[in-house]
Every structure is written in structure tokens, then in C-alpha cells.
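Down below is the structure, laid out as C-alpha cells.
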Amino acid sequence: MSTPMSRNQQTANADIDVSNFSRHLNGQNAPIWWGIIGLILIELSVVSAFTVTYLYLYMQHPQWPPNDIAPPPLFIPTWSTILMLLSCVTMYLAGKSVEKNKSKGFVVYTFASVIMALLVLWIRWQQFDNFDMRWDQHVYGSLLWTISGFHFIHIVSAAIGTAAIGLFGMVGFYTKQRQIGVVVDTMYWNFVAFAWLPFYLVLYYFPRL
């Protein structure tokens, strides 16, 4: 008959050798990677809800925008959209610089992205001043202000987070082995940039159809 193991023996059998584990987890091995995926999925549901709500109301109204309101100007928001997409390129180049342990290139590309985001924010702020309706004037005005403000706040958060990443890069914190912070920041940045595309289409093109 086998005898019951002592508590010390049970503890010894439960030990796991972690001597070969890396201190620096990257990609899907890092819990924060899954955390940012969860955050993106949550915010993607909000983006989808806003877009579907807009399209539903658009299809229910024979005239859109209502009350003979002119659609928002197209030229300036198009340029802000281009800037946001270009910032994804510089963020990609920043990540590649980290993989090559090129701190200077990482800092330059990161702050180039932040500068483009600040330009987009300035453009959006000018647009807010030029909207022809209040947020509480009618359902179209509510959607225009809510969606624009929602994405404006997301650009602010992405710019602040990326500026912090850039400051850490200035002191050489990020390396090829220690880059998970850059990876998740880039993922969120790309989400913020591409989440604007459905908003851009419904806010600026659908009123012209």
C-alpha cells in the first residue's frame, strides 16, 4: 500500500523549474498584450454601436441631414484622416527601430506620430468651432458632436500614452528584449486611427449621398 505523502513532498512535487523563463515577455506571451486586445474589443463595440445608430437614423429619415442643414465640409477632415493614417506608418517604423535597438530612430518616429496627432486634434478643434448646429439641436447634431468628441478624446489619450513611451525611449528603456510597451501602444494607436474610418464615412460622405 502506498503511504500518504507529507506536505513537504507534495510541495516538492508541485515545484516548477522557471530558470529558463524570460523576464521579458513579448507578443501573445505577455498578459498586457491580451489586456490591450480586450480594451480594443470593448471600444470596438462602442464604435460599432455609434456607426449602426447613425446608419439606422440615416435610413429612417427621408432627408439627411434634417432641416436643410449643409453637410460638414469635406476637405479639412480628409486631411486629418490622411494624417492619422500616416501616423500609423511612423509608429510602425518606431517599432522596427526598437527591434533593431536603434533608440534614436525610435524616439524620432514616436514623436513624429505624436506631432501628427496634435495636428489632427488642432484640426478637429477648428471643426468644432465651424459646426452649424449645437449638440442638443436635433438627433443629427447629437450624433455629429458625440462621435466627433468620442474620437477626439481617444486621440488625446493615444497621444499622451505615446508621448510617455517616447520619453522612456529617450533614456534607452526600450530594447529588442524589452519592447512590449511599444507593441501594445502601437496596437492601440492603430486601432484609434482605423476606428475613425467608419466615422469619417458616415459623418462626411453619407450626408452627400
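Here the sequence shown is numbered in this note's numbering, starting from 72 and rising by one per residue.
Note that the Cβ used here is the ideal one computed from N, Cα and C, for glycine as well.
Nothing here was measured: the structure is a model prediction, and the numbers come from that model.
Is DSSP giving residue i helix, strand or coil here?
i, result
"Leu-164", "helix"
"Ile-231", "helix"
"His-132", "coil"
"Phe-265", "helix"
"Ile-140", "coil"
"Thr-152", "helix"
"Met-241", "helix"
"Leu-145", "coil"
"Lys-175", "helix"
"Asp-200", "helix"
"Asp-256", "helix"
"Arg-205", "coil"
"Ala-183", "helix"
Ignore the nearest five residues each way along the sequence and tell me which others in residue i's own chain have a CB closer than 7 Å to its CB.
i, result
"Ala-229", "Ala-188, Tyr-259, Trp-260, Val-263"
"Ile-107", "Val-255, Met-258, Tyr-259"
Suppose you measure from the CA of residue i to the CA of residue j; what does that come to, to the nearest Å?
i, j, result
"Trp-104", "Gly-212", "37 Å"
"Phe-277", "Gly-166", "36 Å"
"Leu-238", "Lys-175", "11 Å"
"Gln-198", "Trp-206", "13 Å"
"Tyr-180", "Phe-121", "32 Å"
"Gln-208", "Glu-170", "51 Å"
"Met-155", "Ile-251", "23 Å"
"Trp-193", "Leu-157", "16 Å"
"Tyr-129", "Val-255", "36 Å"
"Leu-214", "Pro-136", "11 Å"
"Pro-269", "His-222", "11 Å"
"Thr-149", "His-225", "18 Å"
"Gln-134", "Val-242", "56 Å"
"Ser-116", "Leu-110", "10 Å"
"His-132", "Ile-113", "29 Å"
"Met-72", "Pro-102", "Legend: pLDDT at Met-72 = 48, less than 50; position of this residue unreliable, value from coordinates given subsequently. So the alpha carbons of these two residues sit roughly 44 Å apart."
"Val-191", "Ser-219", "12 Å"
"Val-253", "Asn-138", "47 Å"
"Val-123", "Ile-153", "24 Å"
Which residues in the same chain have their Cβ closer than 8 Å to the Cβ of residue i, if we skip the five residues on either side of it in sequence?
i, result
"Phe-92", "Residue confidence for Phe-92 is low, a pLDDT of 45 falling below 50, so the modelled location carries little weight and cannot support an answer."
"Leu-280", "none"
Using C-beta distances below 6 Å, list every residue in its chain close to residue i, excluding the 5 sequence neighbours before and after it, in chain order.
i, result
"Ala-234", "Val-185"
"Val-118", "Ala-266"
"Thr-257", "Met-162, Gly-166"
"Trp-216", "Trp-206"
Whole-angstrom Cβ separation of residue i and residue j, contact assumed at under 8 Å?
i, j, result
"Tyr-283", "Pro-142", "The shown model of the chain, from 72 to 280, leaves out residue 283, and the question about it has no answer."
"Tyr-245", "Phe-182", "Wrong, their Cβ atoms sit about 14 Å apart, outside the cutoff."
"Tyr-127", "Val-273", "With a Cβ gap of about 11 Å, Tyr-127 and Val-273 do not count as contacting."
"Arg-195", "Ser-151", "6 Å"
"Ile-140", "Met-204", "6 Å"
"Lys-247", "Asn-201", "Not really, about 46 Å apart at Cβ, beyond 8 Å."
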